[in-house]
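Read the structure below first, then the notes.
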Amino acid sequence: MTDESLVDDGWAETIELLGGEELIAGSARETKAFLRPRGIRSACDLLRLTLAYSLGKVGLRGVVAWAAASGIADISDVALLGRLRNAGPWLQQLIGHLLKREEAGLAKGRLIRILDATAVAKAGVHEKKNNGLWRMHCAFELEREQFDFIEITDQGEAELIDRVPVIPGEIRIGDRAYLQADRIAKVMAQGGDVVVRAPWKNVRWLDASGEAFDLIGHLKSCREEVIETPVRLGLKEGEPVKMRLIALRKSEAAAQEARRKINKEAKAKGKQVRQETLIAAGFVILVTSLDQDEFDADTVLKLYRMRWRIELAFKRLKSLIGLRAPPAKDPRIAKPWILAHFLIALVTEPLSQELGVSPP
5 MTDESLVDDG WAETIELLGG EELIAGSARE TKAFLRPRGI RSACDLLRLT LAYSLGKVGL
65 RGVVAWAAAS GIADISDVAL LGRLRNAGPW LQQLIGHLLK REEAGLAKGR LIRILDATAV
125 AKAGVHEKKN NGLWRMHCAF ELEREQFDFI EITDQGEAEL IDRVPVIPGE IRIGDRAYLQ
185 ADRIAKVMAQ GGDVVVRAPW KNVRWLDASG EAFDLIGHLK SCREEVIETP VRLGLKEGEP
245 VKMRLIALRK SEAAAQEARR KINKEAKAKG KQVRQETLIA AGFVILVTSL DQDEFDADTV
305 LKLYRMRWRI ELAFKRLKSL IGLRAPPAKD PRIAKPWILA HFLIALVTEP LSQELGVSPP
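Take the sequence shown: its letter number 64 is residue 68 in this note's numbering, and every next letter is one higher.
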């Protein structure tokens, strides 16, 4: 989006895509982002300035100069800064309106959502020196190829499989970071199913009868290309979670490459690689709560291979939409800056429905 598109007919179309002037104004009042016209005539004009600052490269002074020259607003850069500090909840609510779906449609089938997070650096020399990050926790609806949940935190908050509200009947897909037994149990208790990639450690593996399960020994003893067995994940409290373990044996070339990377990384850190880690590197290991009669092992593996699509969406945000490290240190400015990029992505960058499938 260019500055010109924020003043010509394209801007009017954007307003309609966002729900219209009435919805935008009502949302601004509700979140107290725009209560009275002080230098800015309307909530839509404030949104226009917010997007111009977030998506452009001219800074606050450049935006207010452009706004004055274009007849949009007569406001100082300090006053605009104050407005931006209050814009985060408003932009979050506008994104919520865009992401809202018809509940009746959900009851007819399974909703597939991919969970992942991406990050951009924080502003400031101190933050960069200490690797300060803004982390965007997202859920991505596979059928529509669109984000349907976004939450921004700093690097102190981890990726959690139950961070996103559960929609009963959904299938939730995540990578290794989301193998969190107690949190998976919460998702399942609310009516969701999961497909999660599993590391061989960091979880208490139990067999179908609740006894300790030797995952590595089981993988070594099996010769099938696809291995499936019922397992349970031990919880801190309560009954273990019943799951299916599905492991796909990698090709020899893929397994050797995975082991090479593991050894290289360990050498760089001065660490010793455990033999179990090298054995596990020869497999794609998944756990799922999906019923075997409805979703066989091959289908579960295909579902997990869809996870790469959220990574593609992140790349589009960072390249085509221009999502990068926000220029402001103040979280009240940085978060609206990031949310503005998601807002425009939702309006102007629907992803292709004809994407292929990446290899496991």
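Positions of the beta carbon are idealized from the N, C-alpha and C atoms, including for glycine.
Is there at least one non-hydrogen atom of the ligand GDP closer than 6 Å to the beta-carbon of Ala162?
-> The ligand GDP is not part of this structure, which contains no ligands at all.
Among Gly286, Val245, Gly274 and Glu269, nearest to Ala259 - alpha-carbon criterion = Counting from one through the sequence shown, the residue named residue 259 turns up at place 255. Taking only the C-alpha atoms, the option nearest Ala259 is Gly286.
CB-CB under 6 Å to Leu350, same chain, minus the five flanking residues each way: which ones, in chain order?
-> Counted from its first residue, the sequence shown places residue 350 at position 346. If we look at Leu350 and ignore the five residues flanking it on each side, its Cβ neighbours are Leu102.
From Ala127 to Arg187, what distance separates their C-alpha atoms?
-> The residue labelled residue 127 in the question sits at position 123 within the sequence shown. The residue labelled residue 187 in the question sits at position 183 within the sequence shown. Spanning the two alpha carbons is a distance of roughly 33 Å.
Ignore the nearest five residues each way along the sequence and tell me which others in Lys246's own chain have a CB closer than 6 Å to its CB.
-> In the sequence shown, the residue the question calls residue 246 occupies position 242. So the qualifying residues of the chain are Arg236.
Could you tell me how far apart the beta carbons of Ile283 and Leu223 are, in whole angstroms, since I believe they sit closer than 8 Å?
-> Position 279 of the sequence shown, counted from the start, is the residue given in the question as residue 283. Position 219 of the sequence shown, counted from the start, is the residue given in the question as residue 223. Right, the Cβ-Cβ distance comes to about 6 Å (below 8 Å), so this counts as a contact.
Since Phe287 sits in a beta bridge, which residues does DSSP pair it with?
-> Looking up residue 287 in the sequence shown gives position 283. Beta-bridge partners assigned by DSSP to Phe287: Arg253.
C-alpha distance - Val168 paired with Tyr308, whole-angstrom precision = Taking the sequence shown and counting its residues from 1, one reaches residue 168 at position 164. Taking the sequence shown and counting its residues from 1, one reaches residue 308 at position 304. If I take the Cα positions, the gap works out to 18 Å.
Close-in-space but distant-in-sequence residues of the same chain around Leu27 (CB under 8 Å, 5 per side omitted) | Along the sequence shown, read from residue 1 onward, the residue named residue 27 stands at position 23. Cβ neighbours of Leu27 beyond the five flanking positions: His101.
Whole-angstrom distance between Gly274 and Ala69, CA atom to CA atom = The sequence position of residue 69 within the sequence shown is 65, counting from 1. The sequence position of residue 274 within the sequence shown is 270, counting from 1. Their Cα atoms are separated by approximately 54 Å.
For Met140 and Ala121, believed in contact at Cβ under 8 Å, the rounded distance = Sequence index remark: in the sequence shown, residue 121 carries index 117 (1-based). Sequence index remark: in the sequence shown, residue 140 carries index 136 (1-based). 6 Å between Cβ atoms; contact.
Determine the closest residue to Trp138 out of Val291, Leu115, Gln150 and Glu163, with distance taken between C-alpha atoms.
-> The residue you call residue 138 lines up with position 134 of the sequence shown. Distances from the CA of Trp138 to each of Val291, Leu115, Gln150 and Glu163 were compared; the closest alpha carbon is that of Glu163.
Compare the beta carbon distance of Ile289 and Ala257 with 7 Å and say whether it is the shorter of the two.
-> The residue given as residue 289 occupies position 285 in the sequence shown. The residue given as residue 257 occupies position 253 in the sequence shown. When the beta-carbon positions are compared, Ile289 and Ala257 stay at least 7 Å from each other.
Whose C-alpha, out of Ile325, Thr233 and Gly86, is nearest the C-alpha of Ile348?
-> Sequence index remark: in the sequence shown, residue 348 carries index 344 (1-based). Taking only the C-alpha atoms, the option nearest Ile348 is Ile325.
Identify the continuous alpha helix (DSSP H) that holds Ile314 and give its terminal residues.
-> Residue 314 sits at position 310 when you count from the first residue of the sequence shown. Boundaries of the alpha helix (DSSP H) around Ile314: Trp312 to Ser323.
Straight-line Cα distance separating Trp209 from Pro234 = Working through the sequence shown from its first residue, we reach residue 234 at position 230. Working through the sequence shown from its first residue, we reach residue 209 at position 205. About 11 Å.
Minimum length 4: unbroken alpha helix (DSSP H) runs contained in the region 186 to 232 | List check, alpha helix (DSSP H) in window: 219 to 225.
How long is the line joining the alpha carbons of Ile79 and Lys339, rounded to whole angstroms?
-> Mapped onto the sequence shown, residue 79 falls at position 75. Mapped onto the sequence shown, residue 339 falls at position 335. The straight-line gap from Cα to Cα measures roughly 22 Å.
Could you check the C-alpha separation between Gly30 and Arg89 for me, to the nearest Å?
-> Here residue 30 is taken as the residue at index 26 of the sequence shown, counted from 1. Here residue 89 is taken as the residue at index 85 of the sequence shown, counted from 1. When the Cα atoms are used, Gly30 and Arg89 turn out to be separated by approximately 19 Å.
Distance, Leu219 Cα to Ser225 Cα | In the sequence shown, the residue the question calls residue 225 occupies position 221. In the sequence shown, the residue the question calls residue 219 occupies position 215. A straight-line Cα-Cα distance of about 10 Å links Ser225 and Leu219.
Buried or exposed by the 16-neighbour rule on C-beta atoms within 10 Å, applied to Pro330 = Working through the sequence shown from its first residue, we reach residue 330 at position 326. By the neighbour-count criterion, in which 16 or more other beta carbons inside 10 Å mark a residue as buried, Pro330 falls on the buried side.
So, helix, strand or coil for Arg105, using DSSP?
-> Within the sequence shown, the letter at position 101 stands for residue 105. Below a pLDDT of 50, predicted positions are generally treated as unreliable, and Arg105, at 41, falls in that range; the measurement from the model is reported next regardless. Looking at Arg105 - three-state DSSP - the assignment turns out to be coil, as it is neither helix nor strand.
Where Gly14 and Arg336 are concerned, what is the direct C-alpha to C-alpha distance, given to the nearest angstrom?
-> For this step, residue 14 is matched to residue 10 along the sequence shown. For this step, residue 336 is matched to residue 332 along the sequence shown. For Gly14 and Arg336, the distance between alpha carbons rounds to 28 Å.
For Leu50, name the three-state secondary structure that DSSP assigns.
-> Counting from one through the sequence shown, the residue named residue 50 turns up at place 46. If DSSP states are grouped into helix, strand and coil, Leu50 belongs with the helices.
Between which two residues does the alpha helix (DSSP H) containing Glu26 stretch?
-> For the purposes of this step, residue 26 is identified with residue 22 of the sequence shown, where counting begins at 1. If you look at Glu26, you'll find it in the alpha helix (DSSP H) that goes Glu25 to Glu34.
Just to confirm, are Trp94 and Thr35 a CB contact at a threshold of 7 Å?
-> Taking the sequence shown and counting its residues from 1, the one referred to as residue 94 is at position 90. Taking the sequence shown and counting its residues from 1, the one referred to as residue 35 is at position 31. Note that the C-beta distance between Trp94 and Thr35 is below 7 Å.
Compute the beta-carbon to beta-carbon distance between Ile314 and Phe144, rounded to the nearest angstrom, for a pair I have assumed lies under 8 Å.
-> Sequence index remark: in the sequence shown, residue 314 carries index 310 (1-based). Sequence index remark: in the sequence shown, residue 144 carries index 140 (1-based). The C-beta distance from Ile314 to Phe144 rounds to 4 Å, short enough to fall under 8 Å.
From Lys265, Gly23 and Ile171, pick the residue whose C-alpha is nearest to that of Gln194; which is it?
-> The residue you call residue 194 lines up with position 190 of the sequence shown. Ranked by how close their Cα comes to the Cα of Gln194, the residues Lys265, Gly23 and Ile171 have Ile171 in first place.
Can you say whether Ala91 is buried or exposed, counting buried as having 16 or more other CB atoms within 10 angstroms of its CB?
-> On the sequence shown, position 87 is the one that residue 91 refers to. Of the residues assessed, Ala91 falls on the buried side of the cut-off, its CB having 16 or more other CB atoms within 10 angstroms.
Starting from Ala77, follow its DSSP beta bridges and name the residues at the other end.
-> Taking the first residue of the sequence shown as position 1, residue 77 is located at position 73. In DSSP, Ala77 forms a bridge with Ile44.
Report all residues from its chain with a CB closer than 8 Å to the CB of Met390; omit the five preceding and five following residues, and keep chain order.
-> No answer is possible for residue 390: the residues shown for the chain start at 5 and end at 364.
Residue range of the unbroken beta strand (DSSP E) whose run includes Arg309 = Working through the sequence shown from its first residue, we reach residue 309 at position 305. Counting along the chain, Arg309 falls outside any beta strand (DSSP E), though it belongs to the alpha helix (DSSP H) covering Ala301 to Arg309.
Proximity winner among Glu131, Ile154 and Asn135, relative to Gly142 (alpha-carbon distances) = In the sequence shown, residue 142 corresponds to position 138, counting from 1. Just to set this straight, residue 142 is Cys in the shown sequence, not Gly. The shortest C-alpha to C-alpha distance from Cys142 to any of Glu131, Ile154 and Asn135 is the one to Ile154.
Could you round the C-beta distance between Val67 and Leu39 to whole angstroms and report it? I think they count as a contact, below 8 Å.
-> Your numbering for residue 67 matches position 63 in the sequence shown. Your numbering for residue 39 matches position 35 in the sequence shown. Cβ-Cβ separation between Val67 and Leu39: approximately 21 Å, too far for a contact (criterion under 8 Å).
Is the beta carbon of Val291 less than 7 Å from the beta carbon of Leu249?
-> In the sequence shown, residue 291 corresponds to position 287, counting from 1. In the sequence shown, residue 249 corresponds to position 245, counting from 1. Their beta carbons are under 7 Å apart, which means Val291 touches Leu249 by this criterion.
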